[in-house]
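Numbered according to this note's numbering, the sequence shown spans residues 4 to 219.
For each residue, glycine too, the CB sits at the ideal point set by N, CA and C.
The structure displayed is predicted, hence computed values, not measured ones.
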Amino acid sequence: MKRVRLPFADRAEAGALLAEVLYGMALEDPVVLALPRGGVAVAVPVAERLAAPLEVLVTRKIGCPDQPELGVGAIAEGGEPVFDRELLYRLGFDPGDVADVVERERHELARRVRVYRGDRPLPEVAGRDVIVVDDGLATGGTARAAVRAVRARQEGSGRVTLAVPVAADETVRSLRAEADDVVVLATPEGFRAVGQWYECFDQLADDDVLELLGRA
């Protein structure tokens, strides 16, 4: 894979570069599923280059009960909660202790699905190559939940490719056991957060996501 220049100018540039790599993979009847919100901006040029349908796959972080900003797991629509069990146990909890948090996130996930898609269902993925796109991977919790949810919908047929512009190397290694392929343009040293590898990393609102989906 050709070496890329970091930082990326923005998500659109990163997506265009990612699209060229994916285009060379000769994917079968691909469908692109983007993780909101930043993943949608990366996924638009990917879907355009592949002439593939684009849809949003909603995920939610599961926070620690006494430290909501600390993610101990994630959930994706149509899937089951995926926990970082080592972290959870180290904090003195088990999955049953976060049942209330999971239930709240399920409700918020359903609300966001209605915001982004209304009554529109996810595309059929059985027998198709699915590309799950995000703007980067730090811990990889939401990506792991997304890949597992897609696999459940595929019912044993089709391949899953996780595609991101930038990621922590250790996270990429752990996710290779989840997806058939993990495509990442760069795994730089000193990785602390996804945003450090973009010149422009504006936070996107729901309206931005809807505009991008409409454009695609």
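* To do: Would you tell me roughly how many angstroms separate the C-alpha atoms of residue 92 and residue 148, rounded to the nearest one?
  => Residue 92 sits at position 89 when you count from the first residue of the sequence shown. Residue 148 sits at position 145 when you count from the first residue of the sequence shown. Their backbone Cα atoms lie some 19 angstroms apart in a straight line.
* Asked: Exposed or buried, which one is residue 179 when buried takes at least 16 other CB atoms within 10 Å?
  -> On the sequence shown, position 176 is the one that residue 179 refers to. Result: exposed.
* To do: Measure the alpha-carbon distance for residue 142 versus residue 163 and round it to whole angstroms.
  => Reading the sequence shown from its first residue, position 139 is the one you call residue 142. Reading the sequence shown from its first residue, position 160 is the one you call residue 163. If I take the Cα positions, the gap works out to 19 angstroms.
* Throw me the rounded Cβ distance for the residue 101 and residue 78 pair, which I believe falls under 8 angstroms. => Locating residue 101 in the sequence shown gives position 98, where the first residue counts as 1. Locating residue 78 in the sequence shown gives position 75, where the first residue counts as 1. In fact, because the Cβ distance is near 11 angstroms, the residues do not count as touching under 8 angstroms.
* Got a sec? Which residues, its chain only, sit under 8 angstroms from residue 88 by beta carbon, not counting five neighbours each side? -> For the purposes of this step, residue 88 is taken as residue 85 along the sequence shown, with counting starting at 1. Closer than 8 angstroms at Cβ, skipping near neighbours: 98.
* Taking DSSP as the reference, what is the three-state secondary structure of residue 2? -> Nothing can be reported for residue 2: it is not among the residues displayed for the chain, which extend from 4 to 219.
* **beta strand (DSSP E) runs contained entirely in the region 15–96, provided each spans 3 or more residues** => 34–37, 57–59, 62–67 and 70–79
* Asked: If we count Cβ pairs, one from each stretch, closer than 8 angstroms, do we get three or more for the region 8–19 versus the region 112–130?
  -> no
* To do: Could you check the C-alpha separation between residue 174 and residue 131 for me, to the nearest Å?
  => Sequence index remark: in the sequence shown, residue 174 carries index 171 (1-based). Sequence index remark: in the sequence shown, residue 131 carries index 128 (1-based). Straight-line Cα distance between these residues: approximately 25 angstroms.
* **Spatial neighbours of residue 218 in its chain, beta-carbon cut-off 8 angstroms, leaving aside the 5 residues before and after** => Here residue 218 corresponds to residue number 215 of the sequence shown, with the count starting at 1. Same-chain partners within the cutoff: 47.
* In or out: residue 158 buried (at least 16 other Cβ within 10 Å) or exposed? -> As a position in the sequence shown, residue 158 is number 155, starting the count at 1. With fewer than 16 Cβ atoms within 10 Å of its Cβ, residue 158 is classed as exposed.
* Asked: What are the complete alpha helix (DSSP H) segments, minimum 4 residues, inside the region 117–175?
  -> The qualifying runs are 144–157.
* Residue range of the beta strand (DSSP E) that residue 185 falls in? -> Here residue 185 refers to the residue found at position 182 when the sequence shown is read from its first residue. Looking at the DSSP string, the run of the beta strand (DSSP E) that includes residue 185 is 184–189.
* Taking residue 212 and residue 59 to be in contact with their CB atoms under 8 angstroms, please state how far apart those CB atoms are, rounded to whole angstroms. => The residue labelled residue 212 in the question sits at position 209 within the sequence shown. The residue labelled residue 59 in the question sits at position 56 within the sequence shown. Indeed, because the Cβ distance is near 7 angstroms, the residues count as touching under 8 angstroms.
* Asked: Among 156, 120, 136 and 153, which residue has its Cα nearest to the Cα of residue 25?
  -> Here residue 25 is taken as the residue at index 22 of the sequence shown, counted from 1. Residue 136 is the option with its Cα nearest to residue 25.
* **With 16 other Cβ atoms within 10 Å as the buried cut-off, status of residue 203** => As a working mapping, residue 203 is identified with position 200 in the sequence shown. Burial call: exposed.
* To do: With a 10 Å radius around its C-beta and 16 neighbouring C-beta atoms as the bar for buried, classify residue 195 as buried or exposed.
  => Here the question's residue 195 lines up with position 192 in the sequence shown. Counting the other Cβ atoms within 10 Å of the Cβ of residue 195 gives fewer than 16, which makes it exposed.
* Asked: In the DSSP assignment, what residue or residues form a beta bridge with residue 11?
  -> Against the sequence shown, residue 11 aligns to sequence position 8. Residue 11 has 201 as its beta-bridge partners, per DSSP.
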